Amino acid sequence: MIYADNAATTKMSNSAISAMLKCMENIWGNPSSLYNFGQKAAEHLNQAREIIASCIGANANEIYFTSGGSESDNQALISAAKIGLRRGKKHIISTAFEHHAILHTLKKLEREGFDIELLDVHEDGIIFPEQVANAIRDDTCLVTVMFANNEIGTIQPIGEIGKICRGKNILFHTDAVQAAGHLPIDVQAQNIDMLSISAHKFHGAKGAGVLYSRKGLRLTNLIEGGAQERGKRAGTENVPAIVAMATALKDACDNMTVNNNKILSLREKLIDGLEKIPHSSLNGDRKNRLPGNVNFCFEGIEGESLLLLLDDKGICASSGSACTSGSLDPSHVLLAIGRPHEIAHGSLRLSIDENNSAEEIDCIIKSVGEVVEYLRSISPLWKDKIIGKREFILK
Ligand SMILES: *Cc1c(COP(=O)(O)O)cnc(C)c1O
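3 is the number of the first residue of the sequence shown in our numbering; add one for each residue after it.
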């Protein structure tokens with residue numbers, strides 16, 4: 003099997019598994035228990051908090067453990083909206099290509115009376131700081147822009163947007179789920195007030211995440227109960243997964259340069275290879291993207307068929323088109339960067355990491371080429387294009 007879907011989830015690293023197992027075997031007390039055995043678990047939790055804080059330039063008391071990226075996104079937005087409401091501010095700025103954990107939470111806030119403004123995304127997959135500056139109003143309470151996009155991998159000018167928001171005293175949240183462990187993050191230098199992280203996107207376990215919230219911001223509880231997480235997130239902490247998350251994030255940050263250099267050279271090889279397929283086009287800026295992200299559109303192809311045939315060849319990938327999920331609409335991200343419906347349906351995301359090899363990249367290039375050629379050969383629509391009855395959209 004060739005795994006090229008690291009944006010969906012990653013394999014746990016050996017060090018994270020071993021930290022988790024050790025914790026499950028020896029540190030299984032309840033961190034809220036007062037006896038020594040419980041306090042040992044609390045110590046592990048606090049160590050994890052320190053480690054994670056130091057990876058993003060935060061203080062340990064600004065780190066809240068959650069169940070993952072979706073929960074962190076929900077809590078950040080709902081908290082910021084509440085803070086806004088108390089000051090009579092109901093305008094929220096975001097972008098059209100956020101993750102659904104953001105977009106659906108914004109929809110909910112819209113139903114509650116908030117005024118949601120989604121910025122258009124440039125065809126390269128970038129939000130410009132001026133767009134944010136121009137959208138800010140007197141009643142803006144929150145700006146939320148993702149650090150790097152999960153489908154097309156493009157990296158946003160987070161530091162510049164943070165500076166604009168801080169200058170206007172407006173809260174700034176970023177969904178950094180795709181960035182954490184893969185790109186340098188410094189919440190101080192980048193003026194980030196709130197930030198979401200998910201462990202399973204950097205070789206940690208599923209079901210563990212972090213909400214960083216700058217000191218002094220009042221969080222709103224999504225889950226009521228005990229006084230865990232300084233009263234802001236009830237429920238006995240998933241200590242093993244949290245300890246594994248800290249291990250994985252520290253590993254990822256310590257080895258970021260070495261890993262990224264390797265991944266970058268694989269990515270360039272992959273893009274060079276896939277670009278040779280006629281009537282194809284890379285989605286998102288070629289340079290300003292996550293080291294491991296490759297996303298192409300192939301004209302005349304249905305993304306889901308492409309995935310199934312690649313699966314037959316042992317390749318795990320992803321597509322923006324997901325008919326089985328019950329939605330006939332192609333990816334909102336590809337539509338946001340201006341891809342026509344027909345083209346957006348034929349997308350393929352390959353997200354690689356440091357565990358992939360050059361041989362695997364060669365195999366992916368060859369397999370995608372074969373599958374695209376086969377699918378086109380059986381497509382009536384493609385035949386029409388060949389004989390000139392329909393126009394090609396991609397050159
Ligand atoms: C994966 C992902 C999420 C959701 O994280 P979970 O931990 O799976 O809930 C949110 N935002 C982005 C950008 C993601 O890639």
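Note that the Cβ used here is the ideal one computed from N, Cα and C, for glycine as well. Remember, it's a predicted structure, so these values are computed and weren't measured experimentally.
Can you tell me the Cα-Cα spacing of residue i and residue j, whole angstroms?
i, j, result
"residue 180", "residue 382", "38 Å"
"residue 7", "residue 27", "31 Å"
"residue 315", "residue 352", "15 Å"
"residue 178", "residue 234", "21 Å"
"residue 386", "residue 331", "24 Å"
"residue 147", "residue 108", "12 Å"
"residue 271", "residue 363", "7 Å"
"residue 22", "residue 246", "5 Å"
"residue 326", "residue 138", "The pLDDT assigned to residue 326 is 49, lower than 50, so where the model puts this residue is not dependable, and the model offers no usable value."
"residue 243", "residue 274", "38 Å"
"residue 281", "residue 188", "40 Å"
"residue 262", "residue 378", "35 Å"
"residue 43", "residue 164", "36 Å"
"residue 393", "residue 293", "34 Å"
"residue 10", "residue 200", "11 Å"
"residue 401", "residue 319", "Since the first and last residues shown for the chain are 3 and 397, residue 401 lies out of range."
"residue 375", "residue 366", "14 Å"
"residue 103", "residue 389", "44 Å"
"residue 241", "residue 46", "8 Å"
Under the three-state reduction of DSSP, which class applies to residue i: helix, strand or coil?
i, result
"residue 233", "helix"
"residue 3", "coil"
"residue 334", "helix"
"residue 83", "helix"
"residue 119", "strand"
"residue 216", "coil"
"residue 354", "coil"
"residue 189", "coil"
"residue 46", "helix"
"residue 94", "strand"
"residue 37", "coil"
"residue 341", "coil"
"residue 392", "coil"
"residue 326", "Reliability fails at residue 326, whose pLDDT of 49 lies under 50, so the model's placement of it is uncertain and the value that follows must be treated cautiously. Three-state DSSP puts residue 326 in a helix."
"residue 292", "coil"
"residue 156", "strand"
"residue 349", "strand"
"residue 148", "coil"
"residue 359", "coil"
"residue 259", "helix"
"residue 65", "strand"
"residue 285", "coil"
"residue 15", "coil"
"residue 171", "coil"
"residue 211", "strand"
"residue 142", "strand"
"residue 317", "strand"
"residue 176", "strand"
"residue 223", "coil"
"residue 381", "coil"
Looking at C-alpha atoms only, which residue of the options is the closest neighbour of residue i?
i, options, result
"residue 75", "223, 393, 30, 243", "223"
"residue 209", "73, 190, 369", "73"
"residue 195", "19, 50, 79", "79"
"residue 32", "251, 188, 57, 228", "228"
"residue 371", "276, 164, 171, 321", "276"
"residue 87", "164, 197, 54, 111", "111"
"residue 161", "360, 186, 366", "186"
"residue 97", "85, 129, 84, 113", "129"
"residue 360", "284, 388, 342, 268", "268"
Evaluate the contact criterion for the region 283-290 versus the region 252-260: three or more CB pairs, one atom per stretch, below 8 Å. In short, these stretches do not touch, since the Cβ pair count stays below three.
Could you check whether the region 293-305 touches the region 346-364, counting it as contact only if at least three pairs of C-beta atoms, one from each stretch, sit closer than 8 Å? Cβ pair count under 8 Å is three or more, so yes.
In chain order, what are the residues with a CB under 5 Å from some non-hydrogen atom of ligand 1? Residues with a Cβ closer than 5 Å to any heavy atom of ligand 1, in chain order: 70, 71, 72, 101, 103, 152, 177, 179, 180, 200.
Pair every Cβ in the region 111-120 with every Cβ in the region 91-100, then say whether three or more of these pairs are closer than 8 Å. Cβ pair count under 8 Å is three or more, so yes.
Cβ contact (3+ pairs, closer than 8 Å) linking the region 129-136 and the region 205-219: Verdict: no, contact absent.
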